[in-house]
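Each remark here refers to the structure printed beneath this line.
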């Protein structure tokens with residue numbers, strides 16, 4: 148039996164295998180090429196597509212993930228820090244180091260595995276590889292993530308994200324004393340043309356993968372050589388806050404991908420925390436604001452900086 152995945156690809160002019168890697172980065176480019184070679188990626192009318200096919204107009208593809216890919220997910224008793232729960236949704240305070248959902252070859256130890264255990268067998272919402280997942284946080288980003296308990300809630304909240312009515316706030320510690328004290332970073336983001344696993348700010352005409360991206364920030368606290376900033380992403384691009392802050396010259400502390408390879412402070416992950424989220428609750432259509440306190444590793448670092 149196969150798992151069926153449907154993807155809508157924009158007209159980027161790129162090869163299909165590259166476009167699929169951008170649209171669904173859970174699979175590497177080589178894994179996509181293998182699926183294409185086996186004829187498992189087809190058009191809406193069932194015709195297999197070659198890897199070199201260029202997407203000159205919007206394309207919908209169907210992917211038949213073979214049983215050998217083993218997409219069966221296991222329930223695991225992984226502790227969850229639940230900030231809010233009702234009959235429709237959960238708000239989880241995700242710790243750093245916890246991957247949100249399984250990827251090919253990595254089916255255990257994720258938030259989804261924990262949710263399957265917590266919610267039980269009836270937890271079948273949306274995409275079975277990402278049940279209930281409305282939005283994502285990077286592995287080493289901590290903080291609030293919303294999870295839908297039913298398809299109606301999933302659709303309701305996804306529409307809010309699409310319309311950009313959900314208000315998200317992150318706390319980030321950056322290197323340097325950031326200037327100006329508050330600003331809007333408006334710079335498109337796309338795949339780095341040299342390192343495809345990374346994202347980057349793309350100059351006009353630099354890449355067909357570039358998409359508009361805006362992040363507001365405001366200073367919370369100044370330290371000697373560092374600044375704690377509150378970030379308000381107005382769009383939801385991959386690694387957006389990390390890329391934008393590095394682009395303006397103030398990379399996030401602990402970010403070895405977009406910042407310094409050798410860090411000047413002891414932190415096992417990047418200092419980025421999803422601190423607050425505001426949205427319309429499905430059950431009564433009222434606005435709800437939830438907050439997640441800074442975890443101990445981040446508060447410990449801030450205390451150290453206060454003593455300098």
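Numbering (my numbering), first residue to last: 148 to 455.
Here a beta-carbon is modelled for each residue, glycine too, at the ideal position from N, C-alpha and C.
None of these values were measured; they are calculated from a predicted model.
Need the endpoints of the beta strand (DSSP E) that residue 420 sits in, please.
419-427 is the extent of the beta strand (DSSP E) around residue 420.
Check residue 196 in the structure and name its three-state DSSP category.
It is coil, neither helix nor strand.
Leaving out five residues before and five after residue 436 in sequence, what residues of the same chain have Cβ atoms less than 6 Å from its Cβ?
Non-local beta-carbon contacts of residue 436 in its own chain, meaning distances under 6 Å to residues more than five positions away in sequence, involve 425 in chain order.
Any chance you could list the beta strand (DSSP E) runs of at least 3 consecutive residues sitting entirely within the region 308-336, in chain order?
For the region 308-336, whole beta strand (DSSP E) runs of length 3 or above, ordered along the chain, are 314-322, 329-333.
Taking the DSSP output, what are the residues bridged to residue 297?
Secondary-structure assignment with DSSP links residue 297 through no beta bridge to anything.
Cβ of residue 210 within 8 Å of Cβ of residue 188?
In this structure, residue 188 lies closer than 8 Å to residue 210 by Cβ.
List the residues that DSSP assigns as beta-bridge partners of residue 378.
DSSP, once it has assigned bridges, lists 317, 364 as partnering residue 378.
Taking C-beta to C-beta, are residue 166 and residue 317 nearer than 8 Å?
Their beta carbons are not under 8 Å apart, which means residue 166 does not touch residue 317 by this criterion.
Cα separation between residue 441 and residue 420?
Rounded to whole angstroms, residue 441 to residue 420 spans 7 Å at the Cα level.
What distance in whole Å lies between the Cβ atoms of residue 378 and residue 319, which are believed to be in contact at a cut-off of 8 Å?
For a cut-off of 8 Å, the C-beta gap from residue 319 to residue 378 is around 6 Å, short enough to register as a contact.
Can you check whether the CB of residue 360 is closer than 8 Å to the CB of residue 341?
The Cβ atoms of residue 341 and residue 360 lie no closer than 8 Å to each other.
At the level of alpha carbons, what is the spacing between residue 153 and residue 306?
Roughly 19 Å separates the two Cα atoms.
So, for residue 392: in the same chain, excluding its five sequence neighbours on each side, which residues have a beta-carbon less than 7 Å away from its beta-carbon?
A distance below 7 Å between beta-carbons, with the five flanking residues on each side excluded, links residue 392 to the following residues of its chain, in chain order: 319, 321, 398, 399.
Whole angstroms is fine: what's the gap from residue 413's alpha carbon to residue 175's?
If I take the Cα positions, the gap works out to 31 Å.
Excluding five sequence neighbours on each side, which residues of the same chain lie with their C-beta closer than 7 Å to the C-beta of residue 395?
So the qualifying residues of the chain are 332.
Counting along the chain, where does the beta strand (DSSP E) carrying residue 393 start and finish?
Note, residue 393: premise wrong, no beta strand (DSSP E); alpha helix (DSSP H) at 387-394.
Please confirm whether residue 372 and residue 357 have their CB atoms less than 8 Å apart.
No.
Could you work out which residue in 257, 411, 363 is closest to residue 287 when comparing CA atoms only?
Ranking the options by Cα distance to residue 287, first place goes to 257.
Check residue 234 in the structure and name its three-state DSSP category.
Three-state result, residue 234: coil.
Can you tell me which of the three DSSP states residue 344 falls into?
In the displayed model, residue 344 falls within coil according to three-state DSSP, outside both helix and strand.
Run of the alpha helix (DSSP H) containing residue 182, from where it starts to where it stops
Where residue 182 is concerned, the enclosing alpha helix (DSSP H) stretches over 176-184.
With burial defined as no fewer than 16 other Cβ atoms inside 10 Å of the residue's Cβ, what is the status of residue 376: buried or exposed?
That one is buried.
To the nearest angstrom, report how far apart residue 403 and residue 416 are at their CA atoms.
In this structure, the alpha-carbon of residue 403 lies about 9 Å from that of residue 416.
With three or more beta-carbon pairs closer than 8 Å as the criterion, would you say the region 308-316 touches the region 259-269?
No: fewer than three Cβ pairs fall under 8 Å.
Which value, in whole angstroms, describes the spacing of the CA atoms of residue 447 and residue 418?
One C-alpha to the other measures close to 12 Å.
Please report the distance separating the alpha-carbon of residue 199 from that of residue 381.
Cα-Cα distance, rounded: 34 Å.
Spatial neighbours of residue 208 in its chain, beta-carbon cut-off 6 Å, leaving aside the 5 residues before and after:
Only 154, 188 meet the Cβ criterion.
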